[in-house]
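Colleague: Before anything else, here's the structure in question.
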Amino acid sequence: MWRSRGAQPATMGTKQKKDDDDKPIRGQVRLVGHRRVSHGLYVRVAEGLGDDEEFVRDLEAYLLVLPRSAAFTHLTGARLRHWRLPKLPDQVPVFVAVDLKDPRPRRHGLICSRLTTTRERTKRHGLPVEETEEILLRLARDLGLLDLVIVIDSAIQLGDVDPDRMERLLRSRRPGVRMLRAAYRLACGLSESEGESVLRVFHVAIDVPVQPQVELFDDRGNLIGRVDLLVTGTTRAHEYDGEHHRDKDQHRVDMRRERGWAGSPYTRSGFALDDLLNHPAVVMHEIDRVLDRPHRVRRLRRWRTVVQNSLYSEAGRERVMNRWRRQNAIMDWARSA
């Protein structure tokens, strides 16, 4: 079990050789000076470590009860590969895949799947991780379309996706392929943040064609900037305004950038995540008015369905949590009261 810290990619440092005092422990020990990872699994308390470093230590502890064929997958594998993740529940299980012939250990906070076919493994931070295609397929069985696009955009951007291998997988009939295929067709690998992926999927849902990461030039051929999205056939630039834009230094950069647009035919509109998730009707009305097109409620319904099925909605998070609870990975003490 690990607690999510937002949707930022992991920043684990280079794994260094451990001394005996830093190795995980299997068995029962006094809690003084130790931190419990799961039943019978402990690590020694270490000062000055970040969340990602503690995450790696936890996984090393889980390896003590896993067979040699084990490889981390699903959200665990995605985090180890430094992929961007969508908004996650507070508690997230550790996901592992093992060979069919090997036993599956039962631990609170651990979801262990059996493999029916042989597959390759790789290493991240010294830990065994499934290949990209298998991780994405397992994610597709739990996550919604919007969540998957965010992850796939990041995986493509980092060069982890082999198009040929992915196409072979998408031609199969394995569980999760249909959802993975839909998300893969929407992904482009050019989005530079979680919010940019959400903004692009929003435009697709409301039938506004856009081009991602477009460089803009003035009448003299000088580069005036690169925008998140350019509405196709127009001079309208739509960008995601994340929290980093509130930073004073970033705000000064943004102001200089906007001054550079003066005299050019381009106009910029910024959108926050709250706009897209909680006020989509207002945003769509603004875009419809600028594009001089009629308002169609079906477009709004389509987007709301996408959000409702994602981890960005209460219903979407509860659906995923219930699925994990059925696999005995999440313990909700409130339900026993």
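Going letter by letter, the sequence shown gives residues 0 to 336 in numbering that gives the first Met the number 0. All residues carry an ideal CB built from backbone N, CA and C; glycine is no exception. Fair warning: this is a prediction, and the values are worked out from it, not measured in the lab.
Give the list of continuous beta strand (DSSP E) stretches no shorter than 3 residues that lie fully inside the stretch 174-244.
Modeller: Counting only runs of 3 or more, we get 209-216, 222-230, 235-239.
Colleague: Within 10 angstroms of its Cβ, does V95 collect 16 or more other Cβ (buried), or is it exposed?
Modeller: The residue given as residue 95 occupies position 96 in the sequence shown. Per the 10 Å Cβ criterion, buried.
Colleague: Just tell me which of I110, E46, R67, E52 has its CA closest to the CA of S37.
Modeller: Position 38 of the sequence shown holds residue 37. Out of I110, E46, R67, E52, I110 has the C-alpha closest to the C-alpha of S37.
Colleague: When we look at the beta-carbon of R80 and count the other beta-carbons within 10 Å, is it buried (16 or more) or exposed?
Modeller: The residue given as residue 80 occupies position 81 in the sequence shown. So R80 ends up on the buried side.
Colleague: Spell out the partners DSSP gives L114 in its beta bridges.
Modeller: Numbered from its first residue, the sequence shown carries residue 114 at position 115. D98, per the DSSP bridge assignment.
Colleague: Which value, in whole angstroms, describes the spacing of the CA atoms of R170 and G143?
Modeller: To locate residue 170, count along the sequence shown from 1; it is residue 171. To locate residue 143, count along the sequence shown from 1; it is residue 144. So the alpha carbons of these two residues sit roughly 20 Å apart.
Colleague: Count the other CB atoms within 10 Å of the CB of D122; is the residue buried (16 or more) or exposed (fewer)?
Modeller: Taking the sequence shown and counting its residues from 1, one reaches residue 122 at position 123. The question names Asp, but residue 122 in the sequence shown is Lys. With fewer than 16 other Cβ atoms within 10 Å, it is exposed.
Colleague: Excluding five sequence neighbours on each side, which residues of the same chain lie with their C-beta closer than 7 Å to the C-beta of E193?
Modeller: Reading the sequence shown from its first residue, position 194 is the one you call residue 193. The residues are A6, R83, P85, I149.
Colleague: What does the Cβ neighbour count give for T231, buried or exposed, with the cut at 16 atoms within 10 Å?
Modeller: As a first step, residue 231 is located in the sequence shown; it is residue number 232 there, counting from the start. T231 should be labelled exposed.
Colleague: So the candidates are H278, Q307, S268, L299; which of them puts its Cα closest to the Cα of V289?
Modeller: Counting from 1 along the sequence shown, the entry for residue 289 is found at position 290. Comparing Cα positions, the closest option is S268.
Colleague: Quick check on Y61: does DSSP put it in helix, strand or coil?
Modeller: Counted from its first residue, the sequence shown places residue 61 at position 62. Y61: helix per DSSP, three-state reduction.
Colleague: Would DSSP call H73 helix, strand or coil?
Modeller: Counted from its first residue, the sequence shown places residue 73 at position 74. If DSSP states are grouped into helix, strand and coil, H73 belongs with the helices.
Colleague: For L229, count the other beta carbons within 10 Å of its own beta carbon; 16 or more makes it buried, fewer makes it exposed. Which is it?
Modeller: The residue labelled residue 229 in the question sits at position 230 within the sequence shown. Burial call: buried.
Colleague: Assuming V91 and S3 are in contact, meaning their beta carbons sit under 8 Å apart, how far apart are those beta carbons, in whole angstroms?
Modeller: On the sequence shown, position 92 is the one that residue 91 refers to. On the sequence shown, position 4 is the one that residue 3 refers to. Going by Cβ atoms, the distance from V91 to S3 rounds to 6 Å, so yes, they are a contact pair.
Colleague: Among E257, R67, E119, R180, which residue has its Cα nearest to the Cα of E166?
Modeller: To locate residue 166, count along the sequence shown from 1; it is residue 167. Considering only alpha carbons, the answer is R180.
Colleague: Which residues does DSSP list as the beta-bridge partners of V42?
Modeller: Within the sequence shown, the letter at position 43 stands for residue 42. R34.
Colleague: Taking K100 as the reference, which of S112, E317, L48 has the closest Cα?
Modeller: Locating residue 100 in the sequence shown gives position 101, where the first residue counts as 1. The option with the nearest alpha carbon to K100 is S112.
Colleague: Tell me the rounded alpha-carbon separation between K16 and R164.
Modeller: Counting from one through the sequence shown, the residue named residue 16 turns up at place 17. Counting from one through the sequence shown, the residue named residue 164 turns up at place 165. The pLDDT assigned to K16 is 48, lower than 50, so where the model puts this residue is not dependable, and the model offers no usable value.
Colleague: Judging by CA-CA distance, which residue of A69, G49, N321, F201 is the nearest neighbour of R301?
Modeller: For this step, residue 301 is matched to residue 302 along the sequence shown. Of the listed residues, the one whose Cα sits closest to R301 is F201.
Colleague: When the Cα atoms are used, what is the spatial distance from V388 to H237?
Modeller: Not covered by the structure: residue 388. The range shown for the chain is 0 to 336.
Colleague: Report back the beta-carbon spacing between L198 and L310 to the nearest angstrom; my notes put them in contact at under 8 Å.
Modeller: As a first step, residue 198 is located in the sequence shown; it is residue number 199 there, counting from the start. As a first step, residue 310 is located in the sequence shown; it is residue number 311 there, counting from the start. About 17 Å separates the two Cβ atoms, so there is no contact after all.
Colleague: Relative to the C-alpha of R35, which candidate in R106, D98, T72, R78 has its C-alpha closest?
Modeller: Taking the sequence shown and counting its residues from 1, one reaches residue 35 at position 36. That would be R106, whose Cα lies nearest to the Cα of R35.
Colleague: Using alpha carbons as the reference points, say which of R316, R324, W323 lies closest to P88.
Modeller: Stepping through the sequence shown from its first residue, residue 88 is reached at position 89. P88 has its Cα closest to that of R316, out of R316, R324, W323.
Colleague: On a CA-only basis, which of R78, I24, D152, V93 is nearest R324? Give me that one, please.
Modeller: Numbered from its first residue, the sequence shown carries residue 324 at position 325. Taking only the C-alpha atoms, the option nearest R324 is V93.
Colleague: Buried or exposed for V97, please, with buried defined as at least 16 other CB atoms from any protein chain shown within 10 angstroms of its CB.
Modeller: Mapped onto the sequence shown, residue 97 falls at position 98. Buried.
Colleague: Nearest-angstrom Cα distance between T304 and V319?
Modeller: Within the sequence shown, numbered from 1, the residue matching residue 304 stands at position 305. Within the sequence shown, numbered from 1, the residue matching residue 319 stands at position 320. Between T304 and V319, the C-alpha separation is close to 16 Å.
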